[in-house]
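Novice: One line per chain: the protein sequences are A and B, in this order.
Heads up: the first sequence begins at 1 in the UniProt record's numbering, then just goes up one per residue.
Heads up: the second sequence begins at 1 in the UniProt record's numbering, then just goes up one per residue.
Before anything else, here's the structure in question.
2 protein chains.
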Amino acid sequence: MEPRKRPGRTPAPTGRTARPRQAEVARLAGVSQATVSLVLSPKPGGRGRIISEETRRRVLEAARSLGYVPDPAARRLAAARNNLLGVFSFTATFPTDVQHSYYPFLVGVECEAAALGYDLVLFTGSSTGGAGAAGPDALSRVRLADGCLFMGRQTPRAELRRLVEDGFPIVHLGRREELEGVAWVGADYVEATREVVGHLAELGHRRIVLIREDDDAPASADRQRGFLEGLEAAGLPVGTATVFRSADPQRELTPERLRAWTDEGVTAFVAEETDTGAAWRGLLSAVREAGLDCPAEVSLALLGSPPSDLAGEPVPTGFDIPRPQLGAAAVRLLAALVAGEEAREPLVGCAFRPGPTTGPPPVRP
Amino acid sequence: MEPRKRPGRTPAPTGRTARPRQAEVARLAGVSQATVSLVLSPKPGGRGRIISEETRRRVLEAARSLGYVPDPAARRLAAARNNLLGVFSFTATFPTDVQHSYYPFLVGVECEAAALGYDLVLFTGSSTGGAGAAGPDALSRVRLADGCLFMGRQTPRAELRRLVEDGFPIVHLGRREELEGVAWVGADYVEATREVVGHLAELGHRRIVLIREDDDAPASADRQRGFLEGLEAAGLPVGTATVFRSADPQRELTPERLRAWTDEGVTAFVAEETDTGAAWRGLLSAVREAGLDCPAEVSLALLGSPPSDLAGEPVPTGFDIPRPQLGAAAVRLLAALVAGEEAREPLVGCAFRPGPTTGPPPVRP
DNA sequence: CGTATGAGATAATACGCATGAACGGAGAGA
DNA sequence: TCTCTCCGTTCATGCGTATTATCTCATACG
């Protein structure tokens, strides 16, 4: 039977890519492609090298001289790993508005990833409507990496769940307890808030008010819980605690209301940190308009970091969210998942931050 | 010939993933895998669909009911491209010190990459000593992507040249004319500086001094060139132009020297922007110490953006480097190179920035 | 009624790498 | 000298998809 013509794809047009393949390394080293793979792939079991030192050297030399780099897609397809960790944010990773960027997290993410030997893949187009924003499979691109880190608030639950169900390693930056099976790391707002309240109590404050926005995010709920727990721990009457919840604190938190509180004996206020910083801004302006002196007459604390446009003013008492550490912790967790371990280290502590906005309560006449 | 036993890898261990494959979709739809691929792959050429509407519908239905999602790794392997653009910086991409970060560039890079359908790979460990910082082949990791963007000053020339010689698409963010064959994009400092000088000349200034640091970076040379060209274009005597070059402007630019210049009839100063902002700082403090009023007695302009710790002060006259646009332009260029085109758009214009630090020269007594 | 025409669909690859099984050669033991 | 081990290497295959040359029918045409 004469050799019939074979159908199928035409062979690649004479090295379309200059990228060397294992086959070329093999040719140069005078060995087979399989040998190259054996040499260049990290043996998991730490088993004795089945490859002779001589061959190994020749292969490595050839690979280096050709500038060989393994193809991540092929590697992954062949059921191995490619030392790539994905980073996916549901808004632009680098927004024009630097305010709510993920930058501080990425500092830690990059550092830790580097330390663990991973490179990072930023999946773009999540917000810009570019690459694969369209279909419901926008998320599936992340499967190129060994695992993926997710950041942002509006997480499509179904998509995430799907990834988890398929056994794809995922870590979410920020609490996600409602998503069963999704690993996450978050800041321990409860403990940090407790600490701030404790600080105020130690100074002598007996009546403290929490200013929060009308938001049901876990971050807000945690602070409220920490607030109440802190009061209780300090032996303060929780019953008299006041939580002021407002959708628009800058409007609704009037100087009059503030005055009413202080007349009742309130000497300290704590505000939660949010994207906009509205609670803190509202508190500040109300105090100013009410003509109250801080910290002589009232103590103020911010449960988080001040918005960056207030960088000029003195940094208030409160706590700092250790964003870089959070990022690093997320990467560690993700790396563990990729390695098949079942580690978990969800909560990262916040650092208490002393500041000039708190002091002993005024002596009441 | 009897069917000899086949060597090779064992079949996948019990469906490692529950993810459906094209083959299963095909079986369910009663067609071949190839047909599924044809139906599900967006035909670029817009060529007439060779698939009947009926079949198409059946396949789509089957895919939907199985929840089929294409495997990106396989897709990229088969397509011989991975839609990945590398980003390599010779210092940490996300330095702890936000000041000299690449953030503004990345804004544009991310956006444009998304628009073009690319994801980004951040190569870590360039500074942190992590992943592959070790050998001289640290750079070869970038070959993983379809092309790579380089940022930063200290570029190892040999490595870059090697990549270029291998036909690997590279774009450098910032001028790199001395590296033959390395594509780059940069800001048009010459034109921007000319514009600033022209602005001053229009206001009536006749004697202008350029303050620059003792640095041979192209960015500095460009500004000086633009300065001289601007003078010439304004019909001002270039012969009398003064370029003050100092390794430590904050020391060497004394109030006395400033006084000497103004006594000679100098009414305006322009300073270059550098990492440290030393030239601008030196100029500012000298003016202050000399007791000169700006802009009444002297006009000041900054050839770039002020250092961020001076954010509180009024933004001086000068120009803004369009960093996001630069990043975007770099990505466009890189994408073009990856696609095999030979585009080039090296220079990106800067935006003139009016400001309160310039005004008409004082009327000499 | 034989053949050209084509639309529709399929078979057979290739992509780059990892890996279990097969293979060849050097000693060792008989 | 011959078989038996063990070691180092190569073979042959699979991962899941994209790509074509090829095949299969109808239908139209002479």
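The C-beta atom is built at its ideal place from N, Cα and C for all residues, glycine as well.
Compile a chain-ordered list of the residues in the region 312 to 327 of chain B whose CB is closer than 8 Å to at least one CB of chain A.
Specialist: For the region 312 to 327 of chain B, which is checked against every Cβ of chain A, the residues closer than 8 Å are Gly-312, Pro-324.
Novice: When you compare the CB of Pro-70(A) with every CB in chain B, is at least one pair closer than 9 Å?
Specialist: Closer than 9 Å to some Cβ of chain B, the Cβ of Pro-70(A) qualifies, so yes.
Novice: To the nearest angstrom, how far is the alpha carbon of Glu-54(A) from that of Glu-61(A)?
Specialist: Rounded to the nearest angstrom, the two C-alpha atoms are 11 Å apart.
Novice: Output the boundary residues of the alpha helix (DSSP H) element that contains Phe-88(A).
Specialist: No alpha helix (DSSP H) holds Phe-88(A); the beta strand (DSSP E) holding it covers 84 to 89.
Novice: Can you tell me where the alpha helix (DSSP H) holding Thr-55(A) begins and where it ends?
Specialist: Residues 53 to 66.
Novice: Look up Glu-177(B) in the DSSP assignment and say whether it is helix, strand or coil.
Specialist: Glu-177(B) falls in the coil class under three-state DSSP.
Novice: On the three-state DSSP scale, how would you describe Gly-204(B)?
Specialist: Coil.
Novice: Taking the beta carbon of Pro-156(B) as the centre, do at least 16 other beta carbons fall within 10 Å, making it buried, or is it exposed?
Specialist: With fewer than 16 other Cβ atoms within 10 Å, it is exposed.
Novice: Name the DSSP beta bridge partners of Ser-246(A), please?
Specialist: Ser-246(A) pairs with Glu-213(A).
Novice: Go ahead and label Pro-356(B) buried or exposed: buried means 16 or more other beta carbons lie within 10 angstroms of its beta carbon, across all protein chains shown.
Specialist: By the neighbour-count rule (16 or more Cβ atoms within 10 Å), Pro-356(B) is not buried but exposed.
Novice: Got a sec? Which residues, its chain only, sit under 7 Å from Leu-334(A) by beta carbon, not counting five neighbours each side?
Specialist: Cβ neighbours of Leu-334(A) beyond the five flanking positions: Leu-85, Gly-147, Leu-149, Pro-169, Val-171.
Novice: Per the contact definition of three or more C-beta pairs closer than 8 Å, is the region 253 to 265 of chain A in contact with the region 279 to 290 of chain A?
Specialist: The region 279 to 290 of chain A vs the region 253 to 265 of chain A: in contact.
Novice: Give a yes or no on whether 9 Å exceeds the smallest Cβ distance from Thr-124(A) to chain B.
Specialist: Output row for Thr-124(A): interface = yes.
Novice: Whole angstroms is fine: what's the gap from Pro-249(A)'s alpha carbon to Arg-212(A)'s?
Specialist: Cα-Cα distance, rounded: 8 Å.
Novice: Output the distance between the C-alpha atoms of Pro-295(B) and Pro-316(B), rounded to the nearest integer angstrom.
Specialist: Rounded to the nearest angstrom, the two C-alpha atoms are 10 Å apart.
Novice: Can you confirm whether Asp-166(A), when its beta carbon is compared against all beta carbons of chain B, has any partner nearer than 9 Å?
Specialist: Yes, Asp-166(A) lies at the interface with chain B (some Cβ there is under 9 Å from its Cβ).
Novice: Going by Cα to Cα distance, which pick from Gly-277(A), Val-266(A), Glu-191(A) is closest to Asp-215(A)?
Specialist: With distances taken between Cα atoms, Asp-215(A) lies closest to Gly-277(A).
Novice: Can you tell me whether Arg-194(B) is helix, strand or coil according to DSSP?
Specialist: Of the three classes helix, strand and coil, the one that applies to Arg-194(B) here is helix, per DSSP.
Novice: According to DSSP, which residues form a beta bridge with His-199(B)?
Specialist: Beta-bridge pairing links His-199(B) to no other residue.
Novice: What are the boundary residues of the beta strand (DSSP E) that includes Glu-272(A)?
Specialist: Its beta strand (DSSP E) spans residues 268 to 272.
Novice: Listing by chain order, which chain B residues have their CB less than 8 Å from the CB of Ser-285(A)?
Specialist: Result: empty, since nearest Cβ-Cβ is about 20 Å, beyond 8 Å.
Novice: So Thr-274(B) packs on Pro-361(B), CB below 8 Å; how close in whole Å?
Specialist: 27 Å between Cβ atoms; not a contact.
Novice: Hey, does Ala-335(B) have any beta-carbon neighbour from chain A nearer than 9 Å?
Specialist: It does not; no Cβ of chain A falls within 9 Å.
Novice: Could you compute how far the alpha carbon of Glu-297(B) sits from the alpha carbon of Glu-264(B)?
Specialist: Approximately 13 Å, taken between the alpha carbons.
Novice: Is Ala-113(A) close to chain B, meaning its C-beta is less than 9 Å from at least one C-beta of that chain?
Specialist: Yes, contact with chain B.
Novice: Taking only beta-carbon atoms, is Thr-358(A) less than 9 Å away from chain B?
Specialist: Judged by the 9 Å Cβ criterion, Thr-358(A) is not in contact with chain B.
Novice: Could one say the Cβ of Val-25(B) lies closer than 9 Å to chain A's Cβ atoms, at least one of them?
Specialist: No - not a single Cβ of chain A is within 9 Å of the one on Val-25(B).
Novice: Mind checking whether Arg-64(A) and Val-39(A) have CB atoms under 9 Å apart?
Specialist: In this structure, Val-39(A) does not lie closer than 9 Å to Arg-64(A) by Cβ.
Novice: Express the C-alpha separation of Glu-112(A) and Leu-173(A) in angstroms, rounding to a whole number.
Specialist: Spanning the two alpha carbons is a distance of roughly 14 Å.
Novice: Alpha carbon to alpha carbon, how far is Thr-358(B) from Ser-299(B)? Give it in angstroms, no decimals.
Specialist: If you take the alpha carbons of Ser-299(B) and Thr-358(B), they lie about 4 Å apart.
Novice: Is there at least one Cβ from chain B nearer than 9 Å to Gly-129(A)'s Cβ?
Specialist: Any reading at Gly-129(A) must be qualified, since the residue scores a pLDDT of 43, below 50, and its modelled position is unreliable; no value is offered.
Novice: If we ignore side chains and look at the alpha-carbon of each, how far apart do Ser-220(B) and Glu-272(B) end up?
Specialist: The straight-line gap from Cα to Cα measures roughly 7 Å.
Novice: Is Pro-350(A) helix, strand or coil when you go by DSSP?
Specialist: Sequence inspection shows Cys at residue 350(A); the Pro mentioned does not correspond to that position. Coil at Cys-350(A), not helix or strand.
Novice: With a 10 Å radius around its C-beta and 16 neighbouring C-beta atoms as the bar for buried, classify Asp-293(A) as buried or exposed.
Specialist: Exposed, because fewer than 16 other Cβ atoms sit within 10 Å of the Cβ of Asp-293(A).
Novice: Kindly indicate which residue of Asn-82(A), Gly-198(A), Pro-307(A), Glu-342(A) has the alpha-carbon position closest to the one of Phe-352(A).
Specialist: The option with the nearest alpha carbon to Phe-352(A) is Gly-198(A).
Novice: Is the shortest distance between the beta-carbon of Ala-73(B) and the beta-carbons of chain A less than 9 Å?
Specialist: Yes, Ala-73(B) counts as interfacial toward chain A.
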